Amino acid sequence: MNFFPKLIFSHFSRHFATLSKLPNNFTKIPSRYRPQAIRDAQQALTDYLHCTRYIPFVYAEHIAKNSFFSLSSLISGIKFSTTSFNRNVLRFLRYHPINEYEFFFESIGIDYEEVGGLLPSKKFFFSEDETVLEAACALSGFGFPWNKLGKLYKEEVLIFKASSKELKARLFKIKECGFSNIPVIGICLAFPYVLRGGGVNELGGEIVALLNDLKRVFLDFDLGSHVEDNVDAWYEICRKIRVFYDLGCEKGKIGELIGRNKNLFLQYPEEVLVSKILYFSRFLVPKEDIGMLILRNPEILDSDLETPMISVMGMLKHFGLSVKKRDSIAKEYPYVLGRNKMTNLPNVMRALNLHEWLFNRIKNGNRRLLANYTLKDDEDLDKGFRDSLEKIQFSRTPVHTMEKLIFLHRVGFGENSLTMKVLAHVHGTGSELQERFDSLLGLGFEFSKLCRIVHMTPKVLNQCPKTVEQKVNFLRHEMGVSLDYLDIFPAFLCFNLEKRIKPRYRFHKWLTENGLCTRNYSIASIVATGEKSFIARLGRIHPDALNKWFENFSYKESDSSSQD
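Everything in the sequence shown is counted per the UniProt record's numbering, starting at 1 for the first residue and increasing by one.
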């Protein structure tokens with residue numbers, strides 16, 4: 001006898017857990033009575049919408065049963081009674097009309113926190129504009145789950161501006177392709193734009209091309225017979241197909257390829273598909289190429305691209321890079337060499353500026369090399385790295401230090417002694433270092449060059465993003481120099497902008513513009529020269545230069561820290 005109430009309570013308790021802060025008065029209702037309070041309120045709201053607002057009963061019930069947070073807010077202002085709460089809610093609704101759109105939007109599956117931004121201005125009742133409700137009723141009548149209609153609304157709001165007659169005509173046009181109601185619903189939920197305009201013939205070639213692909217896949221290649229006859233199953237399979245169109249694969253061109261590789265969509269969860277796409281996206285190659293790689297080689301989804309260890313040089317040899325080029329790599333990028341994890345391979349290749357080369361090797365028939373690669377037990381072991389790693393384990397902050405080391409491996413630094421030297425000079429948590437690294441990439445640094453800069457001048461990563469951005473902007477806009485100059489003088493980013501860089505550069509510019517200095521000093525010479533040597537140089541340039549420097553340009557506070 002008690003099973004059903006417990007089941008109901010379990011259902012509602014999941015909602016209670018997800019709301020960060022329930023209305024105060026609602027939380028005053030004893031927890032054992034909250035399911036009853038919700039049930040009574042749902043029944044009262046259903047009766048109100050149906051009997052008072054003249055909404056068909058089935059849709060009134062959909063709204064009431066699927067608007068938990070709006071309902072919780074409503075009943076927070078009503079005194080709870082175990083015997084008369086239903087009547088109390090009905091009495092309240094007679095004198096306090098609700099915003100019907102608020103309950104509606106939550107009920108169709110839109111997150112409660114997003115509902116406020118969707119409410120029409122100066123409209124509370126469906127009677128003021130019945131278009132949205134009529135559209136929802138037409139879709140529900142066709143078989144769309146009420147609480148999934150929000151997917152359509154958020155992606156294609158124009159669907160809900162169409163009349164029920166127009167929507168039925170569009171749905172019928174899709175059915176004419178050979179699909180029954182449930183497949184049509186799955187298609188529409190995954191590709192809402194198919195319901196955007198009039199009939200298929202009025203929507204243009206894009207929709208026709210999509211439907212031709214889907215007809216080829218589900219009917220000609222019989223993928224449809226392998227899909228369970230329910231909306232969730234069809235929506236799931238269509239979502240997987242959409243992934244490839246979102247990557248840029250052309251509609252009307254990949255139907256046969258999808259059909260011939262239908263097991264990809266039957267065997268692999270969407271999460272596996274997306275994770276592999278994200279992995280290959282890190283090679284910074286065209287997204288369409290990634291989609292075509294996976295479509296043509298679905299077995300690549302079986303590959304473990306996360307946990308295996310690799311030898312960087314061994315991987316380059318495995319994929320056919322010549323001895324001459326490998327020798328050149330060893331001299332130019334020694335900090336990348338050694339071992340690393342397969343999950344870091346894209347960034348390892350970016351650090352070597354070989355990411356496009358490796359992806360093209362995989363794409364052009366060498367995809368099995370990725371799965372076939374194995375690391376020998378003693379291959380590429382760096383004793384200096386291992387010794388330093390052991391010291392970290394016995395240090396005072398092993399977890400903190402390992403987080404920093406994981407960051408360095410993640411951006412392409414290998415298991416080698418040079419990486420450990422960089423590790424000793426970078427400060428902050430692993431996430432802070434990643435944020436600073438990403439901010440430098442956002443300023444326009446090339447990945448490979450940035451890794452070289454970090455190798456040469458690790459302290460670059462010890463500054464907050466805003467500080468570095470100010471220095472880069474000064475370098476670009478006032479000094480008129482590109483980021484390429486930092487390949488030569490990366491330490492520029494470590495000097496104090498206000499105390500060192502600005503005053504010295506502006507003074508040298510003043511000297512030059514006034515004909516007092518004919519020698520063209522480099523930025524490195526202007527900024528990096530020690531204070532005593534800099535003052536001595538000014539005395540040699542002109543007798544009055546020192547006075548001008550101290551009076552008008554020199555930073556007035558103590559310049560004890562010229563570096564950040």
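Yeah, the Cβ is synthetic: ideal placement off N, Cα and C, and Gly gets one too.
Model, not experiment: these values are computed from the prediction.
Range of the contiguous alpha helix (DSSP H) that encloses K421: For K421, the uninterrupted alpha helix (DSSP H) run begins and ends at S417 to L423, by DSSP.
Between the CA atoms of D47 and E130 - distance to the nearest angstrom: Looking at the backbone, the Cα of E130 and that of D47 are separated by about 19 Å.
Straight-line CA distance for L375 to L358? The straight-line gap from Cα to Cα measures roughly 18 Å.
M292, DSSP secondary structure in three states: The DSSP-derived three-state label of M292 is helix.
So, under 8 Å CB-CB, L266 and H226 are touching, yes? Tell me the CB distance rounded to an integer number of Å. Between L266 and H226, the beta carbon gap of about 6 Å places them in contact (Cβ cut-off 8 Å).
Counted within 10 angstroms of its Cβ, other Cβ atoms place D544 as buried (16 or more) or exposed: Exposed, because fewer than 16 other Cβ atoms sit within 10 Å of the Cβ of D544.
Residue ranges of each beta strand (DSSP E) within the segment 274 to 343, 3 or longer: The DSSP assignment places 309 to 311 and 339 to 341 as complete runs of the beta strand (DSSP E) inside the segment 274 to 343, in order along the chain (cut-off: 3 residues).
When the distance is taken between beta carbons, is F124 closer than 8 Å to E106? No, Cβ-Cβ distance for E106 and F124 is not below 8 Å.
Closest to L158 by CA distance: which of I277, S140 and V194 is it? Ranking I277, S140 and V194 by Cα distance to L158 puts V194 first.
Going by beta-carbon coordinates alone, are E128 and S163 separated by less than 8 Å? Judged by their CB atoms, E128 and S163 are not nearer to each other than the 8 Å cut-off.
Whole angstroms is fine: what's the gap from H425's alpha carbon to R506's? Taking the straight line joining both Cα atoms gives about 31 Å.
Can you name the start and end residues of the alpha helix (DSSP H) that R452 belongs to? Per DSSP, the continuous alpha helix (DSSP H) segment holding R452 begins and ends at F447 to M456.
Presumed contact (8 Å Cβ cut-off) between G384 and V336, rounded CB distance: Not quite, the Cβ-Cβ distance comes to about 16 Å (not below 8 Å), so this is no contact.
Beta carbon of L247 nearer than 8 Å to that of S303: No, the Cβ-Cβ distance between L247 and S303 is not below 8 Å.
Kindly examine the ligand COA and report whether one of its heavy atoms sits closer than 7 Å to the Cβ of F489. In terms of ligand content, the structure shown is empty, and the ligand COA therefore cannot be addressed.
Give a yes or no on whether the C-beta atoms belonging to Y54 and C137 are separated by under 8 Å. Taking 8 Å as the cut-off, the Cβ atoms of Y54 and C137 do not count as close.
Am I right that K262 and F221 are in contact with their C-beta atoms under 8 Å? What's the rounded C-beta distance? Between K262 and F221 the beta-carbon gap is near 6 Å, inside 8 Å, which marks them as a contact.
For the putative contact between K276 and I300, defined by C-beta atoms under 8 Å, what is the C-beta separation to the nearest angstrom? Cβ-Cβ separation between K276 and I300: approximately 7 Å, consistent with a contact (criterion under 8 Å).
Supposed contact pair K502 and F534 - C-beta distance, whole angstroms, cut 8 Å: In fact, because the Cβ distance is near 14 Å, the residues do not count as touching under 8 Å.
Under 8 Å, do S311 and D380 count as touching if we go by C-beta distance? The Cβ atoms of S311 and D380 sit closer than 8 Å to each other.
Which of the three DSSP states is assigned to G199 in this structure? Annotation note: pLDDT 46 at G199 (below 50); position unreliable, coordinate value reported separately. For G199, the three-state secondary structure derived from DSSP is coil.
In whole angstroms, give me the CA-to-CA distance for C496 and F319. According to the sequence provided, residue 496 is Asn. The question's Cys does not apply to it. Rounded to whole angstroms, the gap between the alpha carbons of N496 and F319 is 45 Å.
CA-to-CA distance, H50 to P56, given in whole angstroms: Cα-Cα distance, rounded: 6 Å.
Expected contact under 8 Å - CB spacing of T457 and A491 to nearest Å: 5 Å between Cβ atoms; contact.
Rounded straight-line distance, which links the Cα of G205 to that of residue 632: Because the chain in this structure spans residues 1 to 564, residue 632 falls outside the shown range and cannot be described.
I294 and W234 closer than 8 Å at C-beta: Against a cut-off of 8 Å, the Cβ pair of W234 and I294 comes out as no contact.
Within 10 angstroms of its Cβ, does E551 collect 16 or more other Cβ (buried), or is it exposed? It counts as exposed.
If you measure between the beta carbons of K148 and G109, is that distance less than 8 Å? Against a cut-off of 8 Å, the Cβ pair of G109 and K148 comes out as a contact.
Determine the direct distance from the alpha carbon of D438 to that of K325, and round the result to whole angstroms. In this structure, the straight-line span from the alpha carbon of K325 to that of D438 is close to 29 Å.
Near F447, what residues of its chain come up, given a Cβ to Cβ distance below 7 Å and the 5 sequence neighbours on each side ignored? When the five nearest sequence neighbours on each side are left out, the beta carbons in the same chain lying within less than 7 Å of the beta carbon of F447 are those of R350, A351 and L441, in order along the chain.
Using the three-state DSSP reduction, which class does F4 fall into: helix, strand or coil? Any reading at F4 needs caution, since the residue's pLDDT is 38, under 50, leaving its predicted position unreliable; the model's value is listed next. The answer is helix: DSSP assigns F4 an H, G or I state.
Does DSSP put K148 in a helix, a strand or coil? Helix.
Buried or exposed: where does Y333 fall if 16 or more other Cβ atoms within 10 Å of its Cβ makes it buried? With 16 or more other Cβ atoms within 10 Å, it is buried.
Kindly indicate the opening and closing residues of the alpha helix (DSSP H) around A467. Note that residue 467 is Thr in the sequence shown here, rather than Ala. Here the alpha helix (DSSP H) through T467 covers P465 to N473.
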